[in-house]
Every structure is written in C-alpha cells, then in structure tokens.
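In terms of numbering that gives the first Met the number 0, the sequence shown is numbered consecutively and its last residue is 433. Working notes for the structure below.
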Amino acid sequence: MKLSPRRTAFTTLLLSSLVVTACAPQTSSNSSSDKDDKTGTLRVWLFQEVGNQPKKKVVDAAVAAFEKAHDGTKVDVEYIPIETRAQRVKAAFNDPSSAPDVMEYGNTDTAGYVKDGGLLDVTKEFGAWNEAKDTDPTAKTSVTVDGKVYGSPFYVGVRALYYRTDVFKELGLQAPKTMAELAETARKIRAAEPELYGLVVGGAYTYGAMPFIWANGGELATGKGGSYASAISGAAAQKGIKEYTSLFTDDNCPAAKCAGMGGNDTITAFAAGKAGMAIGGDFSHTAVEAGKVKGKYAVVPLPGVSAGSIAPAFAGGNNIGVLKSTSHRTLAVQLMEQLTSKATQASMFDAMGFLPTFADVRQRVAAQQPYVKPFAQTLAAGTKFVPASPAWSQIDSSLVLPTMFQEVISGKKSVAAASGEAAKKMNDAFGTVG
Numbered sequence: 000m001k002l003s004p005r006r007t008a009f010t011t012l013l014l015s016s017l018v019v020t021a022c023a024p025q026t027s028s029n030s031s032s033d034k035d036d037k038t039g040t041l042r043v044w045l046f047q048e049v050g051n052q053p054k055k056k057v058v059d060a061a062v063a064a065f066e067k068a069h070d071g072t073k074v075d076v077e078y079i080p081i082e083t084r085a086q087r088v089k090a091a092f093n094d095p096s097s098a099p100d101v102m103e104y105g106n107t108d109t110a111g112y113v114k115d116g117g118l119l120d121v122t123k124e125f126g127a128w129n130e131a132k133d134t135d136p137t138a139k140t141s142v143t144v145d146g147k148v149y150g151s152p153f154y155v156g157v158r159a160l161y162y163r164t165d166v167f168k169e170l171g172l173q174a175p176k177t178m179a180e181l182a183e184t185a186r187k188i189r190a191a192e193p194e195l196y197g198l199v200v201g202g203a204y205t206y207g208a209m210p211f212i213w214a215n216g217g218e219l220a221t222g223k224g225g226s227y228a229s230a231i232s233g234a235a236a237q238k239g240i241k242e243y244t245s246l247f248t249d250d251n252c253p254a255a256k257c258a259g260m261g262g263n264d265t266i267t268a269f270a271a272g273k274a275g276m277a278i279g280g281d282f283s284h285t286a287v288e289a290g291k292v293k294g295k296y297a298v299v300p301l302p303g304v305s306a307g308s309i310a311p312a313f314a315g316g317n318n319i320g321v322l323k324s325t326s327h328r329t330l331a332v333q334l335m336e337q338l339t340s341k342a343t344q345a346s347m348f349d350a351m352g353f354l355p356t357f358a359d360v361r362q363r364v365a366a367q368q369p370y371v372k373p374f375a376q377t378l379a380a381g382t383k384f385v386p387a388s389p390a391w392s393q394i395d396s397s398l399v400l401p402t403m404f405q406e407v408i409s410g411k412k413s414v415a416a417a418s419g420e421a422a423k424k425m426n427d428a429f430g431t432v433g
C-alpha cells in the first residue's frame, strides 16, 4: 500500500538541482557486453504501483532532465506488474537482448540476482558518487553482497506501533515504553474492551515478528555470502519467539483468529477499529487514514526490551540497479544515480510517500510531515536486514518462519522444537547456494 500524493515545501528546491553530476565510469570487465555506447536508447523497468500516475510524473521529470543533459540519448521506461517480475527478470537474465539497461527490484532480491549473474557491480561508481555518503547504512546493506555494491537504494520502509488515542485516553493508558509494557497494555485493552484485540498480531506476519527476535538479541542467521548458518534456534532468538507468540492468547489476540493473519490483515483490522494497537509501516498510513480510526490514532516507535529503547525493525524497500548485459554502462550507471538521487527521492516522497534512503532528506520530510517522525526515529535507532543470501527467497517463499510461529502458537511444538526445525530448513536452503 502506498501513500497518497502530498506536497512538501522543499521539493521545488531539490528539483531545481535534479540533474545529478556523476563520475564517468570506465567500462568494467564484469560487464557481459564489451560495449559502452555513449548515445542511443536506454531501457528501464520500474514497478507499476496501484496508483502509478504520480510515480510516472516524477520519473518523467527525472528522465527529461537526464535526456537534456545527454545529447543523443533517449530513455524508454516500462512499468511492469510486481506480480510478474520474477518471470520477466528471469527471462531478461537468460536473454540479454530482451533485457533492460536499468531496473527496479525488491531489496531482498539483491543476493539472488547477483548469484544469477544479472546485476552489474557498481562499487566504484557508488563510492565516487557524492550523494552516496548520506545513504542510510541499512539501505546500503540491501545493495551489498560480499562487500560489493550492485545498485542504489530507491526507497526504504519500516514498521512502528500504531495505537488508538481515543481508547488510550478512555482507559487512562500511556504509550508503552518496553515490550513488557506493550504486552501488559494490550491485555488491559482487551480486558476493558473485549470486542477489541489489544495488540493485533499475525502468525504469518514475519516482518512484524522479527523485531521481537532482534530486540532480545537474537539473529536470523550469521555469516555472509555462501557461508550463512541459521541462528533462529539460538537462546536469544528463542526468547524473542516466545515473547511474540505469547501474544496469541484469548486475553489479547486469540490464536483461532490471529494465527493465520499476515501484515495486511493486522492493518486492516486496526483501520477498521477492531484493535487498540497494531504494528504497521509508513506505507500503511494511507490505509489507516482511509479507515474508521482516522483522527483517532497516533504512531510511536515499537519499544524494545529496555525502557527508552527502540526495537530494531526490518528495513524494507526497493533498489535500482544496472544489468550486467547493458551496452551503455556509463549512461546506465548515471541514469541509476539520477533515478535514486536526493532530488528524485524527495519528489517521490511527495508523490508516493516513499521514505527517502538519504538521512538528510528523510529529516527534512519528517519536519514537513509529522507522521514520518516515528519511522525516521526507528531508522535512526538502527534497523536490520535479512541474510544477504540467494537462499533467502527460498526460505521466505517456503514460509519457514510463519510455519515456526504457527506451530508454537497452536501448541503443536515447543519454541525449542519449532525453532530447531526452522533452523534445519534454513540451513538446508543456505547449503544449496554454498
């Protein structure tokens, strides 16, 4: 879900400097093409959004500026459905003649695309790009595999705690400052208002559960590249799993109703006025604003274990990279920088609500749009990312972690047994790409 268009005071200023001055890279040996044409047509694939026109308007402006600055160059942008991206990208990697020069991709896809040999190593160019120094560290991690950079972050998304201000006022409650207080507050809401979930949670809500693991000192995996090993069955991770799954009870969010919920389900329930609290992203803002709770909610960072701490959130989002098969390496890298520049990201926030990956730009938008503040605070406190391994897509699509949570929630397995089985499945997946 994306946010509705809005205007920010600084966007015009940033747009005035839209043309990015990039270092002119030299042709690298890691390109599948021996060509580095300085003119011609560049093909770009970007994701098609539910409401795509605002995104297209921003991209059109960036493309127009790029074409003006590069005589003899044209840019052909195609918006592809997110649902069919896997097939399109696979075909592009297998047939370079049909591949774009530049494309948008989900940040958890980076390692898999690198393994498939599809993305160009742009480490030198990214390091020489003046704006790159202000990139959020976790966002940079999402384009990095084994120390090499394979793209530029486009936008980032994180989750925080939404809560009902009217319910809290009526019950004399304060926003929780620790995870223990979070659970206690949730049960107080459920006890006083039995028709409400206290904190609505989902057994299939992987990215809502991860902060509980990380806040307790656990990790999903350790290592790098082809040498990852699961850490989900470690003592600290088990503590986080127990803390999250303990919320699936009749005095908060009954297992019979909540075990099968995903992230969208929990936000839908909150927006419909069926919950006192929910864990939602900056990208959930539009849905909540369109719901029954409009004007009756607030957002704070999800609290960590100790008072005043913020639970590490998963840093989601998208990146833009150059395909290895491009015959326009220099131009393609410069266009990647144009599309992910500070000016373009500021305009994209203005149009779509995508949070910028640059810390300084994000601070400015937070000053202009108050709802951004808790998400910016969460990012500033430090976020986490999934293992940068091609195996992650297999682990994710196989529902390894949701299955683990649901086995614990249902009582079929203990935390130790369920996490042990999940660790085995993860290690099997890691082993296939070792």
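Think of the CB as a built atom: it goes at the ideal place given N, C-alpha and C, for glycine as much as any other residue. All figures in this text were calculated on a predicted structure; none of them were measured in a lab.
Beta-ladder partner(s) of residue i, from DSSP
{"i": "A274", "result": "Y196"}
{"i": "H327", "result": "D35"}
{"i": "D75", "result": "R42"}
{"i": "Q47", "result": "P80"}
{"i": "G105", "result": "N317"}
{"i": "A220", "result": "S229"}
{"i": "G156", "result": "G315"}
{"i": "T134", "result": "F357"}
{"i": "S151", "result": "I319"}
{"i": "S400", "result": "In the sequence on display, residue 400 carries Leu and not Ser. Note: L400 sits in no beta bridge, so no partner."}
{"i": "K383", "result": "F313"}
{"i": "V144", "result": "K147"}
{"i": "L118", "result": "L322"}
{"i": "R163", "result": "Y296"}
Distance CB(residue i)-CB(residue j) smaller than 8 Å
{"i": "E218", "j": "A236", "result": "yes"}
{"i": "Q405", "j": "A258", "result": "yes"}
{"i": "G275", "j": "I408", "result": "no"}
{"i": "P99", "j": "R158", "result": "no"}
{"i": "M425", "j": "S141", "result": "no"}
{"i": "A277", "j": "L198", "result": "yes"}
{"i": "I439", "j": "T377", "result": "Nothing can be reported for residue 439, as the shown portion of the chain is limited to 0 through 433."}
{"i": "N251", "j": "R186", "result": "yes"}
{"i": "S326", "j": "D36", "result": "yes"}
{"i": "S232", "j": "G419", "result": "yes"}
{"i": "A182", "j": "S245", "result": "yes"}
{"i": "A428", "j": "F384", "result": "no"}
{"i": "V88", "j": "V332", "result": "no"}
{"i": "V101", "j": "L334", "result": "yes"}
{"i": "V144", "j": "A110", "result": "yes"}
{"i": "A342", "j": "D135", "result": "no"}
{"i": "V57", "j": "L45", "result": "no"}
Beta-carbon separation (whole angstroms), residue i vs residue j, contact threshold 8 Å
{"i": "F269", "j": "Y154", "result": "Their Cβ separation, rounded to whole angstroms, is 23 Å, which puts F269 and Y154 out of contact at 8 Å."}
{"i": "L118", "j": "G150", "result": "6 Å"}
{"i": "G207", "j": "G316", "result": "G207 to G316, Cβ: 16 Å. No contact."}
{"i": "V360", "j": "Q344", "result": "6 Å"}
{"i": "P373", "j": "V298", "result": "5 Å"}
{"i": "Q52", "j": "P80", "result": "The pair is not a contact, with the Cβ atoms about 16 Å apart (cut-off 8 Å)."}
{"i": "T137", "j": "T382", "result": "4 Å"}
{"i": "K73", "j": "E66", "result": "6 Å"}
{"i": "K34", "j": "T164", "result": "Wrong, their Cβ atoms sit about 59 Å apart, outside the cutoff."}
{"i": "V432", "j": "A387", "result": "That belief does not hold up - the Cβ atoms of V432 and A387 are roughly 11 Å apart, past 8 Å."}
{"i": "H69", "j": "L330", "result": "6 Å"}
{"i": "W213", "j": "P355", "result": "Incorrect: roughly 23 Å between the Cβ atoms, too far for contact."}
{"i": "I273", "j": "Y370", "result": "It is Lys, not Ile, that sits at residue 273 in the sequence shown. Not a contact, Cβ separation roughly 21 Å."}
Exposure of residue i, with buried meaning 16 or more beta-carbon neighbours within 10 Å
{"i": "S340", "result": "buried"}
{"i": "K132", "result": "exposed"}
{"i": "S226", "result": "exposed"}
{"i": "G116", "result": "exposed"}
{"i": "E77", "result": "exposed"}
{"i": "S396", "result": "exposed"}
{"i": "S96", "result": "exposed"}
{"i": "V49", "result": "exposed"}
{"i": "G438", "result": "The structure shown does not extend to residue 438, since the chain spans only 0 to 433, so no value can be given for it."}
{"i": "D94", "result": "exposed"}
{"i": "G71", "result": "exposed"}
{"i": "T221", "result": "exposed"}
{"i": "G171", "result": "exposed"}
{"i": "K411", "result": "exposed"}
{"i": "S30", "result": "Confidence is the limiting factor: at S30 the pLDDT is only 48, short of 50, which leaves the residue's position unreliable and the question unanswerable from this model."}
{"i": "G430", "result": "exposed"}
{"i": "D281", "result": "buried"}
{"i": "V19", "result": "Because V19 carries a pLDDT of 42, less than 50, the predicted location of this residue cannot be relied on, and the following value inherits that uncertainty. Buried, by the Cβ-count rule."}
{"i": "S324", "result": "buried"}
{"i": "G352", "result": "buried"}
{"i": "Q126", "result": "According to the sequence as given, residue 126 is Gly; it is not Gln. Burial call: exposed."}
is_contact[residue i, chain C] using C-beta, thresh 8 Å
{"i": "N215", "result": "The chain inventory of the structure shown lacks chain C, comprising one protein chain alone."}
Review point. Quick one: complete beta strand (DSSP E) runs, 3+ long, within the region 291 to 325?
Key: 296 to 299, 315 to 321
Exercise for review: With a floor of 4 residues, list each alpha helix (DSSP H) that falls wholly inside the region 227 to 286, ordered by position along the chain.
Suggested key: Uninterrupted alpha helix (DSSP H) stretches at least 4 residues long and entirely within the region 227 to 286 occur at 234 to 244, 254 to 257, 262 to 270, given in chain order.
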